[in-house]
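A.B. asks:
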Amino acid sequence: MRVPDPVMSDLQRLLRLASDVVTPEELARRLDEAGRAGRRLRVKFGIDPTFTQVHVGHAVPIRVLRLFQELGHLPVLIIGDATARLGDPTGRNEQRPPLSAEEVEHNAATYLDQIGRILDLSAGACEVRRNSEWFGAMDFFDGLRLAAHATVARLLERDDFQQRQDRRLPIHLHELMYPLMQGWDSVMVRADVELGGNDQLFNLHMGRQLQEREGQPPQVCFTTPLLLGTDGRKMSKTYGNHLPLTAPPDEAFGKVMSLADDAMADWFRLLTPLEPEEVEAVLAGHPRAAKARLAREIVAWLHDAEAAAAAEAEFDRRFRDRQLPSEVPELSLPGGERPLPALLKEAGLTASTSEARRLIAQGGVRIDGRAAADPNETVVLGAEAVLVQVGKRRVARLRGS
RNA sequence: GGGGAGAUACCGAAGUGGCCAAACGGGACGGACUGUAAAUCCGUUGGCUCCGCCUUCAGUGGUUCGAAUCCACUUCUCCCCA
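Numbering follows numbering that gives the first Met the number 0, with no gaps: position 363 of the first sequence is 362.
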């Protein structure tokens with residue numbers, strides 16, 4: 000067996016996590032040059048402080064950043080505070096509400112806190128910048144000069160804009176500037192590589208273009224695959240199919256178990272440290288077992304191995320063996336008799352009495368294990384706890400006080 | 001600046017005076033099946049003191065026995081022309 004050339008092997012490790020790289024040859028050359036010159040590559044990644052909950056889909060590029068870091072390079076995190084403050088003035092686009100300086104700072108802090116679980120953010124290991132640093136100093140003419148670098152047709156090619164055009168939704172002028180701003184960030188930090196999700200390729204190219212015009216070597220664009228959510232669609236908070244980094248063990252385990260089979264390979268490759276051969280072996284087995292393995296890996300990553308084992312035991316108990324969760328929340332309500340729908344609503348198990356009635360009619364409500372059939376039935380709440388189940392997931396023990 | 005079109009429930013989209021709490025599709029939820037999969041099938045999807053009642057169709061104010069549907073104004077959007 001031949002001893003692998005270290006640079007090639009680094010490259011392979013990186014490319015394994017990539018969706019598109021423009022270009023792999025350039026990346027190889029830079030890694031090689033940096034290695035020879037003893038220089039760290041500046042690997043840029045922009046974060047948008049418009050939301051605070053990071054999910055495992057966001058974690059993919061961050062893990063690549065981490066890999067770069069492990070290989071001796073320097074992650075450069077750009078907090079897009081200037082862009083976030085601008086937002087989408089109509090407030091309709093929930094992805095881009097205009098934020099106050101305080102909100103931006105708060106979001107950035109929580110964001111960094113979560114990223115810090117994956118990446119070493121200490122001073123020497125990582126550089127954190129805010130783009131207000133340079134955009135704050137630019138005047139209107141500087142902005143216009145920047146705008147002169149791109150054509151409208153080009154900017155409108157973006158998928159998001161295309162869709163809004165088709166659906167006749169508003170596109171604001173300043174939104175067209177976002178790619179340019181992001182590109183300018185690359186110029187200002189002299190990025191060697193920029194990371195981003197698959198949908199970011201256009202913006203990353205913009206960075207290349209601007210750097211070239213400014214006489215800098217154009218950055219390598221490195222995009223990571225978009226992770227599929229638990230329902231097989233692109234993972235996104237708006238679809239509710241995301242797994243937050245901060246999800247408690249039981250929830251995380253359950254979400255992974257409800258993942259589509261086809262998504263498992265990507266999840267293994269992008270979110271676990273397993274080697275390719277091992278992933279293959281696991282996937283060759285029973286899908287249920289493979290997914291359980293995946294769920295353990297994910298929970299162990301987000302929490303620890305112990306939490307993973309406990310979460311699996313709890314999951315099996317509840318859903319495989321169809322038993323009650325080991326810990327059923329207890330709730331004390333004013334004692335006395337009341338109609339079942341009112342009780343469900345009061346206990347927060349349903350959103351309304353109407354919903355409760357529907358669920359009862361559909362056989363989704365159980366009292367002490369017995370299916371309730373009559374929406375008009377009443378329940379007496381006393382010292383003795385009543386076990387109430389709504390669907391498969393909502394359970395509580397209620398007692399009167 | 002001028003002209004035209006439009007704003008309907010979580011989303012998309014019908015409905016253009018009573019039969020509309022509002023078709024249909026997606027999503028979501030419940031049930032069956034299961035590997036809590038996926039797919040499939042059935043059902044539900046404004047609220048309530050629920051076989052009846054109450055509040056919704058951008059906002060405000062009108063017309064009418066009666067308005068999501070007609071009129072006026074307001075706000076927002078899209079398209080075309082300049």
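Backbone N, C-alpha and C define an ideal beta-carbon position, used for all residues, glycine too.
Since the structure is predicted, the reported quantities are computational estimates derived from the model, not experimental observations.
Name the one or two DSSP bridge partners that Arg370 has.
C.D. replies: In the sequence under discussion, the amino acid at residue 370 is Ala, which differs from the Arg named in the question. For Ala370, which the question treats as bridged, DSSP gives the partners Arg365.
A.B. asks: For the putative contact between Val327 and Val394, defined by C-beta atoms under 8 Å, what is the C-beta separation to the nearest angstrom?
C.D. replies: Right, their Cβ atoms sit about 5 Å apart.
A.B. asks: Work out the CA separation of Leu13 and Leu66 for me, nearest whole Å.
C.D. replies: Approximately 7 Å, taken between the alpha carbons.
A.B. asks: With DSSP collapsed to three states, give me the class of Arg212.
C.D. replies: Three-state DSSP puts Arg212 in a helix.
A.B. asks: Would a C-beta distance cut-off of 7 Å place Ala81 and Leu98 closer than the cut-off?
C.D. replies: Taking 7 Å as the Cβ cut-off, Ala81 and Leu98 do not qualify as a contacting pair.
A.B. asks: Roughly how many angstroms lie between the CA atoms of Arg41 and Glu193, to the nearest whole one?
C.D. replies: Whole-angstrom Cα-Cα distance: 8 Å.
A.B. asks: Do Leu293 and Trp266 come within 7 Å of each other at the CB atom, strictly closer than that value?
C.D. replies: Taking 7 Å as the Cβ cut-off, Trp266 and Leu293 qualify as a contacting pair.
A.B. asks: For the structure I just gave you, are there three or more beta carbon pairs, one from the region 302-314 and one from the region 370-384, closer than 8 Å?
C.D. replies: Because the criterion of three Cβ pairs below 8 Å is not met, the region 302-314 and the region 370-384 do not touch.
A.B. asks: Bridge partners for Thr377 per DSSP, in chain order?
C.D. replies: Pro338, per the DSSP bridge assignment.
A.B. asks: Do Arg357 and Pro340 have their C-beta atoms within less than 7 Å of each other?
C.D. replies: No.
A.B. asks: Cα separation between Val151 and Glu211?
C.D. replies: Between Val151 and Glu211, the C-alpha separation is close to 20 Å.
A.B. asks: Can you give the Cα-Cα distance for Tyr177 and Gly206, rounded to whole angstroms?
C.D. replies: The straight-line gap from Cα to Cα measures roughly 11 Å.
A.B. asks: Here's the rule: buried if 16 or more other CB atoms are within 10 angstroms of the residue's CB, otherwise exposed. What is Ala122?
C.D. replies: When all chains shown are included, Ala122 counts as exposed.
A.B. asks: Taking DSSP as the reference, what is the three-state secondary structure of Gly390?
C.D. replies: Correct three-state label for Gly390: coil.
A.B. asks: As a quick exercise: from Leu226, Phe160, Val127, pick the residue whose alpha carbon is nearest that of Met187.
C.D. replies: Ranking Leu226, Phe160, Val127 by Cα distance to Met187 puts Val127 first.
A.B. asks: Measuring only the C-alpha atoms, how far is Asp249 from Glu311?
C.D. replies: Rounded to the nearest angstrom, the two C-alpha atoms are 8 Å apart.
A.B. asks: With DSSP as the reference, label Gly347 as helix, strand or coil.
C.D. replies: Looking at Gly347 - three-state DSSP - the assignment turns out to be coil, as it is neither helix nor strand.
A.B. asks: Going by the CB atoms, is the gap between Leu380 and Gly399 shorter than 7 Å?
C.D. replies: Contact: yes.
A.B. asks: How close, in whole Å, do the beta carbons of Val255 and Ala264 come, if the pair is a contact with beta carbons under 8 Å?
C.D. replies: Going by Cβ atoms, the distance from Val255 to Ala264 rounds to 14 Å, so no, they are not a contact pair.
A.B. asks: Am I right that Arg39 and His72 are in contact with their C-beta atoms under 8 Å? What's the rounded C-beta distance?
C.D. replies: Arg39 to His72, Cβ: 5 Å. Contact.
A.B. asks: Check Arg129 in the structure and name its three-state DSSP category.
C.D. replies: The answer is strand: DSSP assigns Arg129 an E or B state.
A.B. asks: Quick one, are the C-beta atoms of Thr223 and Pro48 less than 7 Å apart?
C.D. replies: No.
A.B. asks: Below 7 Å between beta carbons: does that hold for Phe44 and Leu16?
C.D. replies: Cβ distance not < 7 Å, so Phe44 and Leu16 don't count as in contact.
A.B. asks: Hey, how far is the Cα of Gln208 from the Cα of Asp19?
C.D. replies: Their backbone Cα atoms lie some 17 Å apart in a straight line.
A.B. asks: Around the Cβ of Arg295, are there at least 16 other Cβ atoms within 10 angstroms (buried) or fewer (exposed)?
C.D. replies: Classification for Arg295: buried.
A.B. asks: What's the C-alpha gap between Pro169 and Gln181?
C.D. replies: In a straight line, the C-alpha of Pro169 is about 21 Å away from that of Gln181.
A.B. asks: Rounded to whole angstroms, what's the CA-CA distance from Val103 to Thr349? Just pull it up for me.
C.D. replies: In a straight line, the C-alpha of Val103 is about 35 Å away from that of Thr349.
A.B. asks: Between His402 and the rest of its own chain, which residues show a CB-CB distance below 6 Å, the 5 nearest in sequence each way excluded?
C.D. replies: Since the displayed the chain opens at 0 and closes at 400, residue 402 lies outside it and no answer follows.
A.B. asks: Could you tell me the boundaries of the beta strand (DSSP E) in which Leu45 lies?
C.D. replies: For the sequence presented, residue 45 should be read as Gly rather than Leu. From DSSP, the beta strand (DSSP E) with Gly45 extends over 41-46.
A.B. asks: Which residue comes first and which comes last in the alpha helix (DSSP H) that contains Ser99?
C.D. replies: Counting along the chain, Ser99 falls outside any alpha helix (DSSP H), and DSSP gives it neither H nor E.
A.B. asks: So, at 8 Å on beta carbons, what are the nonlocal neighbours of Leu10 in its own chain, with the 5 sequence-adjacent residues on each side left out?
C.D. replies: Excluding positions up to five away in sequence, the list reads Pro23, Leu26, Ala27, Leu30.
A.B. asks: Within a Cβ cutoff of 7 Å, which residues of the same chain sit near Ser331, ignoring the five residues on either side of it in sequence?
C.D. replies: Excluding positions up to five away in sequence, the list reads Arg398, Ser400.
A.B. asks: Just the C-alpha distance for Ile78 and Leu120, rounded to the nearest angstrom, thanks.
C.D. replies: So the alpha carbons of these two residues sit roughly 13 Å apart.
A.B. asks: Please list, in chain order, all residues of the same chain as Thr109 whose beta carbon is under 7 Å from its beta carbon, the five residues on each side excluded.
C.D. replies: Cβ neighbours of Thr109 beyond the five flanking positions: Thr51.
A.B. asks: CA-CA distance, Asp261 and Gln215?
C.D. replies: Those two C-alpha atoms are separated by around 42 Å.
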